[in-house]
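J.: Read top to bottom, the protein sequences are chains C and F. Going by the UniProt record's numbering, the first residue of the first sequence is number 1, and it counts up by one from there. Going by the UniProt record's numbering, the first residue of the second sequence is number 1, and it counts up by one from there. For glycine and all other residues, C-beta sits at the position ideal for the given N, C-alpha and C. Every value quoted in this text rests on a predicted model; they were computed, and no experiment measured them.
Protein chains: 2
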Amino acid sequence: MQATLTDLQSEVARLRHELQSLALEHKGDEQITVADYLLTRLEQLGVSSIFGVPGDFNMRMSIFKDYVEDHPTIKWIGNCNELNAAYAADGYARVKPHSIGVVVTTFGVGELSAINGIAGAFSEMVPVLHIAGVPSTTQLKTRPLLHHTLGDARFDVFTKAAEQVTISQAMLANKVQATADIDRILIDCVSRARPVYLSLPTDMVSEKVSTKRLKIPLSRILPPNNPDVEEFVLDEIIKVVREAESNVVVLVDACVSRHDVQDEVKDLLAATHFPVYSTPMGKTTIDEDYDRYGGIYIGSISEPVIKERVESAKLILSIGALKSDFNTGMFTYRIPTTHTIELHSDCVLVRHAHFPNIGMKQLLPKLTSRLKDFRCQASELVVSKFKLEVPVEETSDITQSYFWPRVGTFFRKKDVIVTETGTSNFGILDVPLPEQTIFVSQILYGSIGWAVGSTLGAALAARDRGLGRVILFIGDGSMQLTVQELSTMTRHGLTPIIFLINNSGYNIERNLHGMNRKWTSLLTTLGDLNGTLSRSYTVRNKPELEKLLDDPQFANAGKIQLVEVVMDKYDTPRALKMAAELSTKYAEQSAKQF
Amino acid sequence: MQATLTDLQSEVARLRHELQSLALEHKGDEQITVADYLLTRLEQLGVSSIFGVPGDFNMRMSIFKDYVEDHPTIKWIGNCNELNAAYAADGYARVKPHSIGVVVTTFGVGELSAINGIAGAFSEMVPVLHIAGVPSTTQLKTRPLLHHTLGDARFDVFTKAAEQVTISQAMLANKVQATADIDRILIDCVSRARPVYLSLPTDMVSEKVSTKRLKIPLSRILPPNNPDVEEFVLDEIIKVVREAESNVVVLVDACVSRHDVQDEVKDLLAATHFPVYSTPMGKTTIDEDYDRYGGIYIGSISEPVIKERVESAKLILSIGALKSDFNTGMFTYRIPTTHTIELHSDCVLVRHAHFPNIGMKQLLPKLTSRLKDFRCQASELVVSKFKLEVPVEETSDITQSYFWPRVGTFFRKKDVIVTETGTSNFGILDVPLPEQTIFVSQILYGSIGWAVGSTLGAALAARDRGLGRVILFIGDGSMQLTVQELSTMTRHGLTPIIFLINNSGYNIERNLHGMNRKWTSLLTTLGDLNGTLSRSYTVRNKPELEKLLDDPQFANAGKIQLVEVVMDKYDTPRALKMAAELSTKYAEQSAKQF
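1) On a CA-only basis, which of C:Asp90, C:Leu145, C:Thr332 is nearest C:Gly120? Give me that one, please.
2) Any beta carbon from chain C within less than 7 Å of F:Gly446's own beta carbon?
3) Interface residues of chain F around C:Ala591 at Cβ under 8 Å?
4) Can you list, in chain order, the residues of its chain with a C-beta nearer than 6 Å to that of C:Asp175? Leave out the 5 residues immediately preceding and following it.
5) Just the Cα atoms here: how many angstroms apart are C:Glu288 and C:Lys239?
6) Could you list which residues in chain C have their beta carbon closer than 9 Å to that of F:Gly151, in chain order?
7) Does the beta carbon of F:Asn247 sit closer than 7 Å to a beta carbon anywhere in chain C?
8) Ignoring anything shorter than 3 residues or poking outside the region 347–393 of chain F, list the beta strand (DSSP E) runs there in chain order.
9) Please say whether C:Ile50 and residue 598 of chain C have beta carbons closer to each other than 7 Å?
10) How is F:Gly110 classed by DSSP in three states: helix, strand or coil?
11) Only counting the same chain, and skipping five residues up and downstream in sequence, which positions put a Cβ closer than 8 Å to that of F:Asp267?
12) How would you write the range of the beta strand (DSSP E) that F:Met171 sits in, first residue to last?
13) Count the other C-beta atoms from every protein chain shown that fall within 10 angstroms of the C-beta of F:Cys376, then say buried if there are 16 or more, exposed otherwise.
14) Do the region 401–421 of chain C and the region 441–460 of chain C meet, that is, are 3 or more Cβ pairs less than 8 Å apart?
15) Determine the burial state of F:Gly514: buried for a count of at least 16 other Cβ atoms within 10 Å of its Cβ, exposed for fewer.
16) With 7 Å as the threshold, decide whether the Cβ of F:Gln480 is near any Cβ in chain C.
17) Which first and last residues belong to the beta strand (DSSP E) in which C:Trp76 is found?
18) Give me the chain C residues within the contact set of F:Asn81, using Cβ-Cβ distance strictly less than 9 Å, ordered along the chain.
19) Quick check on F:Asp333: does DSSP put it in helix, strand or coil?
20) Going by the beta-carbon positions, is the gap between F:Leu112 and C:Asp325 smaller than 7 Å?
21) Could you check the C-alpha separation between F:Ser48 and F:Thr166 for me, to the nearest Å?
22) Around the C-beta of C:Arg94, are 16 or more other C-beta atoms found within 10 angstroms, so that it is buried, or is it exposed?
23) Counting only Cβ-Cβ distances shorter than 7 Å, please list the residues of the region 515–538 of chain C near chain F, keeping chain order.
24) With a 10 Å radius around its C-beta and 16 neighbouring C-beta atoms as the bar for buried, classify C:Tyr586 as buried or exposed.
25) Considering only the alpha carbon of each residue, which of F:Gln31, F:Leu317, F:Asn327 lies closest to F:Pro336?
26) Below 8 Å, can you find three or more Cβ-Cβ pairs linking the region 219–231 of chain C to the region 291–301 of chain C?
27) Within a Cβ cutoff of 8 Å, which residues of the same chain sit near F:Leu218, ignoring the five residues on either side of it in sequence?
28) With a threshold of 7 Å on Cβ separation, who are the neighbours of F:Gln177 within its own chain once the five nearest residues in sequence on each side are excluded?
29) Identify the residues that DSSP records as bridge partners of F:Ser278: which are they?
30) Could you list which residues in chain C have their beta carbon closer than 9 Å to that of F:Ile115, in chain order?
31) Between the alpha carbons of C:Thr584 and F:Ala162, how many angstroms are there, rounded?
32) Note down, in chain order, all residues in the region 163–183 of chain F with a beta-carbon under 8 Å from any beta-carbon belonging to chain B.
33) Looking at C-alpha atoms only, which residue of F:His344, F:Cys255, F:Ile115, F:Ala557 is the closest neighbour of C:Leu83?
34) Mind listing the chain C neighbours of F:Ala459? Cutoff is C-beta to C-beta under 8 Å, in chain order.
35) For F:Phe274, which residues in the same chain have their Cβ closer than 6 Å to its Cβ, ignoring the five residues on either side in sequence?
36) Assign F:Asp181 to one of two classes, buried (16 or more other C-beta atoms within 10 Å of its C-beta) or exposed (fewer than that).
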């Protein structure tokens with residue numbers, strides 16, 4: 001059902017775009033290279049940075065990359081390797097709504113190196129364009145025994161792999177179809193919030209094509225909801241809300257930001273005053289200092305007061321849910337279906353009833369106008385302030401229970417906070433973040449090492465948008481997977497603050513070796529030769545951490561900074577400890593069911 | 001045709017093995033875990049190191065890895081990331097004939113991160129086992145929304161991707177079939193010299209299975225040649241050799257070592273005294289100080305005297321050819337098919353005639369005994385000594401034309417020499433290597449960054465085999481892709497010598513950024529905290545390089561060493577310069593043909 005709907009959506013978008021383009025056929029026709037056509041499209045989508053690793057094909061080097069470097073507004077960000085580049089494109093797209101991330105790799109070796117980053121973008125619904133520079137159209141036909149191939153003339157292997165983790169693909173085989181193909185996958189990318197794949201033969205890069213289509217900017221086009229069904233759904237929702245006597249709690253999740261309904265949800269909340277909670281993947285979708293916001297709901301792992309408030313509500317209006325294991329406290333929601341309405345990008349569920357093809361984007365404004373009458377009653381519902389005190393502890397060691405609330409006081413409005421899978425993802429959950437901060441994490445896909453690449457992309461996007469500081473939390477075990485990308489940050493003058501939690505690689509993945517690192521030498525070894533572009537610190541106890549966090553020079557350094565935070569290797573954030581227990585229990589239970 | 005043959009080969013091997021196993025059915029039956037069964041098989045294959053990155057599944061951590069760590073003879077080599085681990089498994093297998101490389105990753109995120117390394121092993125015919133730790137058999141059926149998935153219940157996506165780059169796969173779904181499945185893919189791995197894939201659910205790891213099959217060791221079993229056809233082929237070959245009046249040159253290529261006919265070829269050469277040349281991918285298959293060895297033939301890129309000797313022969317007996325672009329000087333062999341006999345693992349070509357299903361492994365001994373009568377005549381064929389003088393140059397800069405012959409004098413018997421794609425692969429070609437050295441490179445697949453991971457694996461294999469020093473040549477551009485793996489070398493007490501050619505990332509891939517590195521701080525930042533386990537040097541001119549190479553302490557340091565060799569960024573080895581020119585020409589020509 002879902003597949004059909006999304007296919008139809010993209011087909012509708014494509015056809016509309018084709019119609020508009022045809023209407024321009026009679027107008028003047030200028031010529032432009034395929035590379036410049038593509039770059040113009042990306043510029044229209046707000047892309048200012050392109051990630052990737054150059055690759056030769058036939059020693060003719062990275063032809064497309066040269067076009068990028070010549071482009072007036074788009075910058076080529078040369079990455080240290082392809083996986084890091086894909087992670088960066090993902091991080092960029094997450095911090096730049098309505099734009100996309102772009103990663104360029106070479107045939108075979110390059111694209112396969114990046115594929116795990118693309119899969120992560122698929123899983124987490126992040127719009128990323130993967131451009132693979134491939135052999136010439138002639139070579140793709142004659143299939144000689146070229147380097148970067150599997151040596152068996154299967155030139156389509158890499159595309160087949162890409163098809164598994166992208167929602168749309170184009171192989172630019174001739175210039176007649178090239179511009180339509182490019183437009184098709186880009187529309188899919190922005191409309192469906194998933195990665196797409198473009199195979200770009202060396203000889204196509206400089207082919208000339210018409211500029212005509214460029215006059216119509218690409219846009220995210222969704223099919224309209226069937227008005228009769230929509231009206232029916234609205235009535236059903238109102239009925240259920242009424243039955244619940246306005247005792248309604250809104251739960252925002254990942255797809256609110258992924259499917260671009262953040263504004264619609266804010267309007268709904270303002271109009272209704274319904275209390276709102278967030279899942280881990282929805283964190284910061286609603287400002288965490290909003291007075292009707294109650295914190296993070298994560299099933300049995302929730303703070304008790306939050307669990308009580310959410311689960312005792314008579315109705316949960318869930319928006320953009322993505323109920324993955326870690327996002328739901330290992331599937332421990334205690335909310336009966338009869339107490340639930342779910343709004344999704346492509347369907348609505350009211351209790352047990354499914355209403356396919358009713359998308360939330362168009363539904364929400366109408367729902368808001370119907371629900372505003374409940375405001376008076378809803379305003380009476382109590383929301384406990386989401387807060388976290390810094391505990392007073394006897395030990396001067398930096399404990400997990402102390403560290404997270406303490407760094408919480410360091411954050412500022414508009415900061416971008418990136419957390420790595422494991423300790424950091426769970427540690428940050430209980431910490432209320434200031435208004436307009438953006439929380440970036442990969443809770444569903446959970447690829448370790450992702451956060452370093454992602455921070456690079458996030459920092460470039462944050463610079464574009466005039467946001468605040470970019471702050472990364474990562475463990476020493478994860479850092480080693482993608483550590484070289486720190487040098488790319490330095491090279492581009494980016495100034496993230498990196499909290500490296502050195503707990504000897506223990507937590508989430510036991511024995512992720514990689515302990516013995518001179519962490520504070522990293523930045524000077526990788527990029528900052530004179531030591532003028534970076535600062536590194538080690539903090540081993542609370543006074544050292546306090547002093548650093550309170551130092552205005554640290555808070556506003558304007559250079560890349562790495563703080564090695566030494567913590568006990570058996571210490572674990574509250575939420576992670578509970579998740580681990582529930583996870584074991586869940587695995588045992590599901591084994592028994594068979 | 002090839003697919004059918006290899007399929008048949010593996011089926012024959014499997015059936016034989018099954019028959020032998022059945023014969024043991026009545027014997028005593030001990031129980032062992034699946035993990036230990038697998039490890040025992042790997043031990044039987046001579047595996048002493050297993051590469052990988054641990055991953056949880058459902059926080060139950062790396063169950064299989066724990067078994068590896070408990071194993072008395074197999075060591076767990078924790079890598080910094082999965083791609084590096086796959087590269088290491090590849091390097092290990094290359095230096096340890098008759099064994100295989102093994103890499104362990106976790107579901108989804110881990111296996112996709114490694115896939116480019118597996119693809120490289122496929123391309124270059126290296127036997128590698130990729131073990132992916134996946135969710136439990138129950139979860140694979142119920143497909144809950146687990147982390148590390150694409151969020152759409154497609155749990156088979158990663159296996160589908162693996163199928164593209166491995167020749168055999170097994171998903172251990174039940175314990176009844178588990179041991180037969182393990183045996184099947186391992187036999188395929190060793191018989192067909194390609195990677196295989198094992199999907200290992202968390203709950204299968206500790207399941208108990210019978211030890212019975214373990215009594216029959218796995219082996220590389222090839223189907224016998226049809227005796228009539230083989231006899232016919234031998235007659236044909238003799239006829240052609242006679243016509244050529246013994247003016248025969250043997251050309252050895254990659255598949256001689258990959259398909260394990262090194263000894264058979266040496267016997268042939270000893271018996272016939274035919275002159276022998278090697279392709280780049282065959283380098284060191286025949287000792288380069290052998291008196292009938294003439295050097296590297298690479299089409300138009302060959303040294304003129306080599307080109308002349310090979311192309312003027314009346315007959316080329318090509319053994320194990322793999323005619324890829326870089327391996328053939330961009331397809332510039334000037335040898336008519338009527339002057340060619342090709343022996344392959346699964347067929348023989350005599351001039352224009354193809355003889356499928358005649359494998360060289362069984363054919364070669366018979367051919368040797370038929371050809372030894374030509375020895376007298378063949379001994380008269382002149383072979384110019386393969387040598388390379390260190391040029392006397394005015395500049396004190398370290399030039400490419402000086403560097404390669406100069407390091408050539410530094411090499412010793414039994415050294416293992418690893419070169420990275422690009423400058424190093426081409427620079428080393430003209431350098432004669434001492435007897436019993438092993439040359440390791442990835443000329444067909446050419447994935448940059450491969451050599452660092454590969455060096456780790458090669459160094460472990462070399463230690464097992466009591467070989468000499470492991471010496472890596474790599475450019476600064478490539479080093480950054482996989483640099484973190486240096487720390488794994490230090491952690492395991494490995495002592496490679498790394499020549500890092502710092503030409504500001506220029507060559508093979510222009511603008512592979514990554515210049516600004518404090519290269520000599522790398523080893524102390526990554527692993528050698530006290531500076532006692534490593535030494536680093538920068539050499540900027542000839543006297544500095546000479547002094548270092550002549551220093552016995554450097555030559556026998558017994559610790560990991562990194563030498564940053566500063567070279568001009570526009571300087572290029574002779575062979576690379578010619579390859580680049582030919583490559584452009586080739587691309588233009590093939591474009592014209594259409």
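T.: In this structure, then:
1) By 1-based counting over the first sequence, the position of residue 120 of chain C is 120. Checking every option, the nearest Cα to that of C:Gly120 belongs to C:Asp90.
2) Reading the second sequence from its first residue, position 446 is the one you call residue 446 of chain F. Yes, because at least one Cβ of chain C sits closer than 7 Å to the Cβ of F:Gly446.
3) Locating residue 591 of chain C in the first sequence gives position 591, counting from the first residue. Under the 8 Å cutoff, chain F gives Ser136, Thr138, Asp203.
4) Translated into the one-based positions of the first sequence, residue 175 of chain C becomes position 175. Looking at the sequence provided, one finds Lys at residue 175 of chain C rather than Asp. For C:Lys175, where only same-chain residues beyond five positions count, the Cβ hits under 6 Å are Glu207, Val209.
5) Translated into the one-based positions of the first sequence, residue 288 of chain C becomes position 288. Translated into the one-based positions of the first sequence, residue 239 of chain C becomes position 239. So the two alpha carbons sit approximately 30 Å from each other.
6) Counting from one through the second sequence, the residue named residue 151 of chain F turns up at place 151. The answer, in chain order, is Phe122, Ser123, Glu124, Met125, Leu322, Ser324, Leu444, Tyr445.
7) Here residue 247 of chain F corresponds to residue number 247 of the second sequence, with the count starting at 1. So, not an interface residue.
8) 347–350, 353–356
9) For residue 598 of chain C there is no data in the structure shown, the boundaries of chain C being 1 and 594.
10) Taking the second sequence and counting its residues from 1, one reaches residue 110 of chain F at position 110. Reduced to three states, the DSSP call for F:Gly110 is helix.
11) Your numbering for residue 267 of chain F matches position 267 in the second sequence. For F:Asp267, where only same-chain residues beyond five positions count, the Cβ hits under 8 Å are Leu364, Pro365, Thr368.
12) Numbered from 1 along the second sequence, position 171 holds the residue referred to as residue 171 of chain F. 168–171 is the extent of the beta strand (DSSP E) around F:Met171.
13) By one-based count along the second sequence, residue 376 of chain F stands at place 376. With fewer than 16 other Cβ atoms within 10 Å, it is exposed.
14) yes
15) Here residue 514 of chain F corresponds to residue number 514 of the second sequence, with the count starting at 1. Caution is warranted here: a pLDDT of 43 is assigned to F:Gly514, below 50, making its placement in the model unreliable, and no coordinate value can be reported.
16) For the purposes of this step, residue 480 of chain F is taken as residue 480 along the second sequence, with counting starting at 1. Judged by the 7 Å Cβ criterion, F:Gln480 is in contact with chain C.
17) Locating residue 76 of chain C in the first sequence gives position 76, where the first residue counts as 1. Start and end: 75–78.
18) Residue numbering aside, residue 81 of chain F sits at position 81 when the second sequence is read from its first letter. In chain order: Leu83, Ile448, Gly449, Gln480, Leu481, Thr482.
19) In the second sequence, counting from the first residue as 1, residue 333 of chain F sits at position 333. Per the sequence presented here, residue 333 of chain F reads as Tyr, with Asp not at that position. Looking at F:Tyr333 - three-state DSSP - the assignment turns out to be coil, as it is neither helix nor strand.
20) Numbered from its first residue, the second sequence carries residue 112 of chain F at position 112. Numbered from its first residue, the first sequence carries residue 325 of chain C at position 325. In this structure, C:Asp325 does not lie closer than 7 Å to F:Leu112 by Cβ.
21) The residue you call residue 48 of chain F lines up with position 48 of the second sequence. The residue you call residue 166 of chain F lines up with position 166 of the second sequence. Their backbone Cα atoms lie some 22 Å apart in a straight line.
22) Walking along the first sequence from the start, residue 94 of chain C turns up at place 94. Flag for C:Arg94 reads buried.
23) Asn516, Arg517, Lys518, Ser521, Leu522, Thr524, Thr525, Leu526, Gly527, Leu529
24) What you label residue 586 of chain C is simply residue 586 of the first sequence in a count that begins at 1. Label assigned to C:Tyr586: buried.
25) For the purposes of this step, residue 336 of chain F is taken as residue 336 along the second sequence, with counting starting at 1. When only C-alpha atoms are compared, the closest one is F:Leu317.
26) no
27) The sequence position of residue 218 of chain F within the second sequence is 218, counting from 1. Cβ neighbours of F:Leu218 beyond the five flanking positions: His17, Arg41, Gln44, Leu45, Asp183, Leu186, Ile187, Val190.
28) The residue you call residue 177 of chain F lines up with position 177 of the second sequence. Excluding positions up to five away in sequence, the list is empty.
29) The sequence position of residue 278 of chain F within the second sequence is 278, counting from 1. DSSP lists F:Val252, F:Ile296 as partners of F:Ser278.
30) For the purposes of this step, residue 115 of chain F is taken as residue 115 along the second sequence, with counting starting at 1. Simply Leu112, Ser113, Ile115, Asn116, Ala161.
31) As a working mapping, residue 584 of chain C is identified with position 584 in the first sequence. As a working mapping, residue 162 of chain F is identified with position 162 in the second sequence. If you take the alpha carbons of C:Thr584 and F:Ala162, they lie about 29 Å apart.
32) Note that chain B does not occur in the displayed structure, where the protein chains are C and F.
33) Position 83 of the first sequence, counted from the start, is the residue given in the question as residue 83 of chain C. Among F:His344, F:Cys255, F:Ile115, F:Ala557, the Cα nearest to that of C:Leu83 is on F:Ile115.
34) For the purposes of this step, residue 459 of chain F is taken as the residue at position 459 of the second sequence. The premise fails here: F:Ala459 is roughly 17 Å from chain C at the closest Cβ pair, so nothing lies under 8 Å.
35) Against the second sequence, residue 274 of chain F aligns to sequence position 274. These residues qualify, in order along the chain: Val248, Val250, Ala378.
36) Counting from one through the second sequence, the residue named residue 181 of chain F turns up at place 181. Flag for F:Asp181 reads buried.
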